[in-house]
Amino acid sequence: MAIVNVSDQSFNSEVEGQGMVLVDFWAPWCGPCKMIAPILEELASDVGDSVKIAKVNVDENPESASRFGVMSIPTLIFFKDGQPVDKVVGLNSKEALKGILAKHQ
Numbered sequence: 001m002a003i004v005n006v007s008d009q010s011f012n013s014e015v016e017g018q019g020m021v022l023v024d025f026w027a028p029w030c031g032p033c034k035m036i037a038p039i040l041e042e043l044a045s046d047v048g049d050s051v052k053i054a055k056v057n058v059d060e061n062p063e064s065a066s067r068f069g070v071m072s073i074p075t076l077i078f079f080k081d082g083q084p085v086d087k088v089v090g091l092n093s094k095e096a097l098k099g100i101l102a103k104h105q
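Read in order, the letters of the sequence shown correspond to residues 1 to 105 in the UniProt record's numbering.
Following this line, the structure appears as structure tokens:
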């Protein structure tokens, strides 16, 4: 499944549905955010349609970031059936992210 860009307006419809959704809160000026982008691309290829990956630009969508207490970026929040179930801050390996996803599926 392709990575989708989510705005404050589309957040509920894109994230708060059924299944697992990994939301990446990021900004274009953030170095670690740039480093995690290819990891998320690889992860998207590996997990296929079983997990949706969404990106929220915190500069353009401050409501969503504030709503979930995002203080540092990158912050990855894992949602299951619309509810946040896990959160990691900073750069993580693909294997670490897969482990978190496996824990909640």
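By construction, the Cβ of each residue, glycine as well, lies at the ideal position given by its N, Cα and C atoms.
Being a predicted model, the structure only gives us computed values, none of them experimental.
Open item on the list: Relative to the C-alpha of V85, which candidate in S72, L91, L76 and S93 has its C-alpha closest?
Closed with: L76
- [ ] Put L43 into one of helix, strand or coil per three-state DSSP.
- [x] helix
TODO: Take every Cβ of the segment 68–75, pair it with every Cβ of the segment 86–100, and state whether three or more of those distances are shorter than 8 Å.
DONE: Cβ pair count under 8 Å is three or more, so yes.
Open item on the list: Classify W29: buried if its beta carbon has 16 or more other beta carbons within 10 angstroms, exposed otherwise.
Closed with: By the 10 Å Cβ count, W29 comes out exposed.
TODO: Out of M35, K34, P62 and E41, point me to the one whose CA is closest to L22's CA.
DONE: E41
Task: Beta-carbon gap between G17 and G82 smaller than 8 Å - done: yes
TODO: For S7, collect the residues of the same chain with a Cβ closer than 6 Å to its Cβ; drop the 5 residues on either side in sequence, then sort them by chain order.
DONE: N61
Task: Residue nearest to K94 in terms of C-alpha spacing, selected from W26, V4, L43 and A2 - done: L43
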